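Residue numbers (our numbering), protein chains in the order written: chain A, 1 to 114; chain B, 115 to 227. Heads up, the beta-carbon is just placed ideally off N, CA and C, and yes, glycines get one too. As the structure is a computational prediction, the values presented were derived from the model and not from experiment. Structure, as structure tokens:
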Amino acid sequence: EAQVTQNPRYLITVTGKKLTVTCSQNMNHEYMSWYRQDPGLGLRQIYYSMNVEVTDKGDVPEGYKVSRKEKRNFPLILESPSPNQTSLYFCASHTGTGGVDTQYFGPGTRLTVL
Amino acid sequence: AQKITQTQPGMFVQEKEAVTLDCTYDTSDPSYGLFWYKQPSSGEMIFLIYQGSYDQQNATEGRYSLNFQKARKSANLVISASQLGDSAMYFCAMDQGAQKLVFGQGTRLTINP
């Protein structure tokens, strides 16, 4: 079954404690992205990757890091989380070929930073 | 830069009625794709329908259709014969190259029995 998995699904942490949200896809997709969803703002892209070792900033990259060492994995790293990073996070992947190039979304990670 | 606008923060509809969710977009690219996603209360993003800018016909997927008016830059989602299970948040989105989707603010649809 084609899918994008994220872990953890829920996380409550404290300011400054480093955390990693993992993302994995089994569709051999070139492109992967991280989005955050906030009320009234929709989803905004944090970072994206076009292939292994190729990443670039999205619209709201401050406070986040990513890496793409393997094609299937694209972890999101918060080195020093702050309360304004409390949000719902989605990982997504797609082929990048255009047309009905549907982005497949993971189930989401609800992060609360106290 | 691309922009998506959904002007209806919330909508309330009686079960079995048709509902139209509005979406307008702004882009200078001649080639683009428009998407609608459904987000139920459980939180996952469910792809509903896609319309390419060069597609001659409006896209349809079961009870979902996309009313694409290119000159007006609108891509409204029409749900026919609404059901209680249609209650959810709905997002309109547009691709910006291959790198990302640009999303609207969303419309929360509530179907009343």
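Output needed in chain order: residues of the stretch 174 to 190 of chain B with a Cβ under 8 Å from some Cβ in chain D.
Absent from the structure: chain D. Protein chains present are A and B.
Listed from N- to C-terminal order along the chain, which residues in the stretch 83 to 98 of chain A have their beta-carbon within a distance smaller than 9 Å of any beta-carbon of chain B?
L88, F90, A92, H94, T95, G96, T97 and G98
Please name the residue in Y47/A, G40/A, R68/A and T20/A whose C-alpha comes closest to that of Q219/B.
The count along the second sequence starts at 1 and reaches residue 219/B at position 105. Of the listed residues, the one whose Cα sits closest to Q219/B is G40/A.
Return the bridge partner residues of T13/A from the DSSP annotation.
For the purposes of this step, residue 13/A is taken as the residue at position 13 of the first sequence. The partner list for T13/A (beta bridge, DSSP) reads V113/A.
How big is the Cα-Cα spacing for R186/B and S179/B?
For this step, residue 186/B is matched to residue 72 along the second sequence. For this step, residue 179/B is matched to residue 65 along the second sequence. R186/B and S179/B have their C-alpha atoms spaced approximately 17 Å apart.
Taking C-alpha atoms, which residue in V192/B, E129/B, F161/B and M159/B lies nearest to C137/B?
Here residue 137/B corresponds to residue number 23 of the second sequence, with the count starting at 1. When each option's Cα is compared against that of C137/B, the closest is V192/B.
Using three-state DSSP, classify D200/B as helix, strand or coil.
If you number the second sequence from 1, residue 200/B lands on position 86. Three-state DSSP puts D200/B in a helix.
Between V54/A and the ligand SAH, is there a pair consisting of the residue's CB and a ligand heavy atom that are separated by less than 7 Å?
The model depicted lacks the ligand SAH and carries no ligand whatsoever.
Just to check my reading of the structure: S33/A and Y48/A have Cβ atoms closer than 8 Å, yes? What is that Cβ distance to the nearest angstrom?
Working through the first sequence from its first residue, we reach residue 33/A at position 33. Working through the first sequence from its first residue, we reach residue 48/A at position 48. Confirmed, about 4 Å.
Would you tell me roughly how many angstroms separate the C-alpha atoms of P83/A and D169/B, rounded to the nearest one?
Here residue 83/A corresponds to residue number 83 of the first sequence, with the count starting at 1. Here residue 169/B corresponds to residue number 55 of the second sequence, with the count starting at 1. In a straight line, the C-alpha of P83/A is about 44 Å away from that of D169/B.
State buried or exposed for M208/B, treating a residue as buried only when at least 16 other CB atoms are found within 10 Å of its CB.
Counting from one through the second sequence, the residue named residue 208/B turns up at place 94. So M208/B counts as buried.
Using a C-beta cutoff of 8 Å, does F105/A count as contacting chain B?
By one-based count along the first sequence, residue 105/A stands at place 105. Cβ-Cβ to chain B under 8 Å: yes for F105/A.
Check each residue of the stretch 203 to 220 of chain B: if its Cβ is closer than 7 Å to any Cβ of chain A, include it; give the result in chain order.
F205, A212, Q213, K214, L215, F217, G218, Q219 and G220
Under the DSSP definition of a beta bridge, which residues are partnered with S80/A?
Position 80 of the first sequence, counting from 1, holds the residue named residue 80/A. BP columns for S80/A are empty, so no partner.
Tell me the start and end of each unbroken alpha helix (DSSP H) in the stretch 131 to 172 of chain B that is at least 4 residues and wholly inside, in chain order.
none
On the DSSP letters alone, give me the boundaries of the beta strand (DSSP E) that F74/A sits inside.
Walking along the first sequence from the start, residue 74/A turns up at place 74. Looking at the DSSP string, F74/A is not in any beta strand (DSSP E), and its letter there is neither H nor E.
What are the boundary residues of the beta strand (DSSP E) that includes Q120/B?
For the purposes of this step, residue 120/B is identified with residue 6 of the second sequence, where counting begins at 1. It is not in any beta strand (DSSP E) - Q120/B carries neither H nor E in the DSSP assignment.
Using the beta-carbon of each residue, which ones in chain B are nearer than 7 Å to S67/A?
Reading the first sequence from its first residue, position 67 is the one you call residue 67/A. Here the premise fails: no neighbours, minimum Cβ distance about 18 Å.
Give me the chain A residues within the contact set of M159/B, using Cβ-Cβ distance strictly less than 7 Å, ordered along the chain.
If you number the second sequence from 1, residue 159/B lands on position 45. Residues of chain A passing the Cβ test: F90 and F105.
By the 9 Å beta-carbon criterion, what residues does the stretch 22 to 34 of chain A contribute toward chain B?
E30, Y31 and S33
Would G58/A pass as an interface residue toward chain B - the criterion being a Cβ-Cβ separation below 8 Å?
Along the first sequence, read from residue 1 onward, the residue named residue 58/A stands at position 58. Closer than 8 Å to some Cβ of chain B, the Cβ of G58/A qualifies, so yes.
Let me see if you follow: with CB-CB separation under 8 Å, is Y64/A close to chain B or not?
Translated into positions along the first sequence, residue 64/A becomes position 64. With 8 Å as the cut-off, Y64/A does not count as an interface residue toward chain B.
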